[in-house]
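The opening position of the sequence shown corresponds to residue 61 in the numbering used here, with each subsequent residue numbered one higher.
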Amino acid sequence: MFNNLRELITSMPDEKACRDYLIKERWNGVPVCPYCGYSDKCYLIEGGKRFKCGSKACYKKFSVTIGTIFEASNIPLTKWLMAIYITSSHKKGISSYQLGKDIGISQKAAWFILHRIRYAFGNGNDNLILDKEIQADETYLGGSNENRHKSKKRQDENGNDIDPKSPVMGIIETGGKVKTIAVNHPTKRHAIDFIENSTVKGITLVTDSAPIYHKIGKKYNHVILNHSIGEYKINGFHTNSMENYWSVLKRGIYGIYHQVSQKHLQAYCDEFSYRFNSRKMKDCDRFAVSISKIEGRLTYKTLISKPEYLTGGKDIEPMMEE
Ligand SMILES: [Zn+2]
61 MFNNLRELIT SMPDEKACRD YLIKERWNGV PVCPYCGYSD KCYLIEGGKR
111 FKCGSKACYK KFSVTIGTIF EASNIPLTKW LMAIYITSSH KKGISSYQLG
161 KDIGISQKAA WFILHRIRYA FGNGNDNLIL DKEIQADETY LGGSNENRHK
211 SKKRQDENGN DIDPKSPVMG IIETGGKVKT IAVNHPTKRH AIDFIENSTV
261 KGITLVTDSA PIYHKIGKKY NHVILNHSIG EYKINGFHTN SMENYWSVLK
311 RGIYGIYHQV SQKHLQAYCD EFSYRFNSRK MKDCDRFAVS ISKIEGRLTY
361 KTLISKPEYL TGGKDIEPMM EE
């Protein structure tokens with residue numbers, strides 16, 4: 061058990077200790093062959109670095125990192141676990157430059173590591189269901205590029221052009237969990253799909269008077285605040301939690317990452333919502349949850365060519381507004 065970064069490093073000082081920790085967290089201490097599912101007698105080989113499946117029909121070799129965000133990485137696990145600890149416990153995240161310096165790897169390697177950590181943080185997000193009173197709202201990230209000279213157009217930390225307006229839709233439980241989705245346009249279709257797939261129907265839904273919420277609102281106890289006439293609260297219902305969350309997200313993104321490209325916006329949204337939703341946990345508990353999300357591999361090729369990552373991998377066609 062550890063309560064800070066120093067204790068994490070002391071409790072897992074080398075690769076063996078990190079592997080043992082992952083074997084315990086991932087497989088409850090009993091290795092499971094990723095090829096055939098056999099778990100009875102997989103035995104250690106190569107001085108404890110890998111396992112060999114004990115099933116006579118399989119006999120394949122595997123390591124504890126196979127099928128996870130760590131797979132095929134040259135970065136030692138000690139540094140990976142430090143990176144995960146730092147990224148999940150720093151309130152506002154960390155830039156690839158800073159992380160690279162802190163753990164002694166290149167900025168490019170840190171950039172890739174951070175994206176794989178964001179990918180892990182986003183794991184399971186699709187299935188997150190909000191069941192208390194919710195507030196829904198949308199916001200735009202990024203400033204305007206339109207009046208800028210070409211040489212001054214905004215770029216993210218990896219040199220991708222920043223779309224001048226990157227919309228994000230969000231829902232939040234009053235005092236509870238948040239869920240956000242990067243979209244190409246905030247439309248009625250997105251509002252319907254996003255809210256319906258992320259909440260329990262019939263609960264209270266508080267929004268401003270934007271028309272995109274009218275249709276979906278009929279399935280909920282819809283409280284509409286007409287912000288244009290200064291109406292910000294009705295019977296205690298408001299959208300302040302959502303607006304406060306937007307300012308946390310914007311301060312984080314502008315303060316740490318300066319700008320992010322639309323292509324990677326969902327990943328940054330996932331990073332911030334994961335930290336927000338685990339804000340009441342102790343750092344060591346949050347670390348264990350982070351480790352439970354490592355299943356799945358994001359390759360560099362997928363990362364740099366992944367327009368489908370926008371809207372969480374599900375790009376929805378915009379629907380014409382009635
Ligand atoms: Zn096997």
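Backbone N, C-alpha and C define an ideal beta-carbon position, used for all residues, glycine too. Please read these numbers as outputs of a predicted model, since none were measured by experiment.
- When DSSP states are grouped into helix, strand and coil, H175 belongs to the helix group.
- In its chain, beyond the 5 residues on either side, G108 have a beta carbon closer than 8 Å to the beta carbon of K76.
- Listed in chain order, the non-local C-beta contacts of N281 below 8 Å within the same chain comprise G262, I263, T264, L265, local neighbours out to five positions each way being set aside.
- Setting aside the 5 residues that flank it on each side, I83 is surrounded in the same chain by G89, P91, V124, each with a C-beta closer than 7 Å to its C-beta; the list follows chain order.
- Taking the Cα positions, V283 is about 39 Å away from I354.
- Judged by pairs of C-beta atoms under 8 Å, the segment 165 to 176 touches the segment 127 to 136, as three or more such pairs exist.
- Annotation for K225: Y200, G202 place their beta carbon closer than 7 Å to its own, counting only its chain and skipping 5 residues before and after.
- The alpha carbon of C118 has as its nearest neighbour, out of S133, I135, S99, E106, the alpha carbon of S99.
- Under the three-state reduction of DSSP output, I69 falls in the helix class.
- Contact annotation: the segment 179 to 197 does not touch the segment 158 to 167, with fewer than three C-beta pairs closer than 8 Å.
- For the options N300, N295, S269, the alpha carbon positioned closest to that of I289 is the one of S269.
- Two segments are said to touch when three or more pairs of C-beta atoms, one from each, lie closer than 8 Å; by this definition the segment 318 to 328 does not touch the segment 293 to 302.
- Not a single heavy atom of ligand 1 lies less than 8 Å from the C-beta of K101.
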